[in-house]
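**Student:** According to my numbering, the sequence shown holds residues 1 to 255 in order.
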Amino acid sequence: MNMDADRPGPAPPIPPNLGSVWTRPQPQRRQKEQLTRERIVAEALRLLDEEGMEALSMRSLGQRLGAGATSLYRHVASKDELIELVADAVYGEIEVPEVADPAEWRQATVIMAHSLRTAGLRHMWMSQVLGQVGMSYLGPNVVSVTERGLAVLTAAGFDQEEAARALGTISSFVIGITATEAGWLSALRRNGYEERDWLQILGPTVIESAASAGITDYYLELLKRDPEQVRMENFNYGLDLMLDSLQTRLTARLA
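(1) Where does the unbroken alpha helix (DSSP H) through L138 begin, and where does it stop?
(2) What separation, rounded to the nearest whole angstrom, lies between the Cα atoms of D101 and P204?
(3) With DSSP as the reference, label R207 as helix, strand or coil.
(4) Pull up the CB-CB distance for N141 and Y91, whole angstroms please, since I reckon it's below 8 Å.
(5) Mark G120 as exposed unless 16 or more other C-beta atoms lie within 10 angstroms of its C-beta, in which case mark it buried.
(6) For R148, which residues of its own chain have a beta-carbon under 7 Å away from its beta-carbon, when the five flanking residues on both sides are left out?
(7) Just reading off the alpha helix (DSSP H) that E38 is part of, what are its end residues?
(8) Measure the CB-CB distance between L45 and V86 and report whether it falls below 9 Å.
(9) Just to confirm, are G157 and L222 a CB contact at a threshold of 9 Å?
(10) To the nearest angstrom, how far is it from the Cα of T169 to the Cα of G238?
(11) Helix, strand or coil, according to DSSP, for P97 in the structure here?
(12) Do V76 and M58 count as a contact pair if the criterion is CB distance below 9 Å?
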């Protein structure tokens, strides 16, 4: 048997339009140069957190750094590459606990999911850019979170394929529901409202539009509650549904 024949050949070149910041080497730092990719990314994160995605441009970032756009392009070839870098930096904030006992997989997954949600709400622009990162999920922090998440699930007893699908499903749920929350909170912030105050303004209109007495009573009770707590409970409910299903599958697999 020819073992060499079974090995995959060299990877085809990446088309220029699908290039990624992770597929090319960093430029070598020049002597006395104070601008670095790390400094650019850190300032881009601050700009995005303070002013949002609409404010991000290479020119505005250069002004904050006291550097011309040309200097930035030495380190980051485009705004798309910058988005890849800041998205990966946010993934560096996500906690994925190591599990000493395989039975701890569920709690570890809950911690990871809540950490991802917290990062998404801390950096509310993140939901706008995740779709742009697309095929370029190659950053070291994204890869690390993925590997550690898979390690938790495979240690519990899932095979690699099911672990990958489970992790992808959980991530999609967290990103989706967090994007909805971030969009809602960002709109309130832009218009100068606190969440509870806006709900009190909107409440009478919502109650009037209710189609039944049961729905009216539900809305009335909901408006009395802390909206942040309601959002957290909604998140936990959806997460528990997925984890309950995974637990059922795992129990059947290990039986």
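Glycine included, every Cβ here is placed at the ideal spot set by N, Cα and C.
None of these values were measured; they are calculated from a predicted model.
**Tutor:** Quick answer:
(1) Along the sequence shown, one-based indexing puts residue 138 at 138. Element bounds for L138: n/a, residue is neither H nor E.
(2) Your numbering for residue 101 matches position 101 in the sequence shown. Your numbering for residue 204 matches position 204 in the sequence shown. Looking at the two C-alpha atoms, the distance is approximately 51 Å.
(3) For the purposes of this step, residue 207 is taken as residue 207 along the sequence shown, with counting starting at 1. Reading the sequence as shown, one finds Ile at residue 207 and not Arg. It is helical.
(4) In the sequence shown, residue 141 corresponds to position 141, counting from 1. In the sequence shown, residue 91 corresponds to position 91, counting from 1. N141 to Y91, Cβ: 4 Å. Contact.
(5) Translated into positions along the sequence shown, residue 120 becomes position 120. Looking at its Cβ environment, which holds 16 or more other Cβ atoms inside 10 Å, G120 is buried.
(6) As a position in the sequence shown, residue 148 is number 148, starting the count at 1. For R148, where only same-chain residues beyond five positions count, the Cβ hits under 7 Å are V96.
(7) For the purposes of this step, residue 38 is taken as residue 38 along the sequence shown, with counting starting at 1. Counting along the chain, the alpha helix (DSSP H) containing E38 begins and ends at R37 to E51.
(8) Along the sequence shown, read from residue 1 onward, the residue named residue 45 stands at position 45. Along the sequence shown, read from residue 1 onward, the residue named residue 86 stands at position 86. Cβ distance < 9 Å, so L45 and V86 count as in contact.
(9) Looking up residue 157 in the sequence shown gives position 157. Looking up residue 222 in the sequence shown gives position 222. No. Outside cutoff.
(10) The count along the sequence shown starts at 1 and reaches residue 169 at position 169. The count along the sequence shown starts at 1 and reaches residue 238 at position 238. Near 12 Å, if we compare the C-alpha coordinates of G238 and T169.
(11) Here residue 97 is taken as the residue at index 97 of the sequence shown, counted from 1. If DSSP states are grouped into helix, strand and coil, P97 belongs with coil.
(12) Within the sequence shown, numbered from 1, the residue matching residue 58 stands at position 58. Within the sequence shown, numbered from 1, the residue matching residue 76 stands at position 76. It is a contact, given that the beta carbons lie within the stated cut-off.
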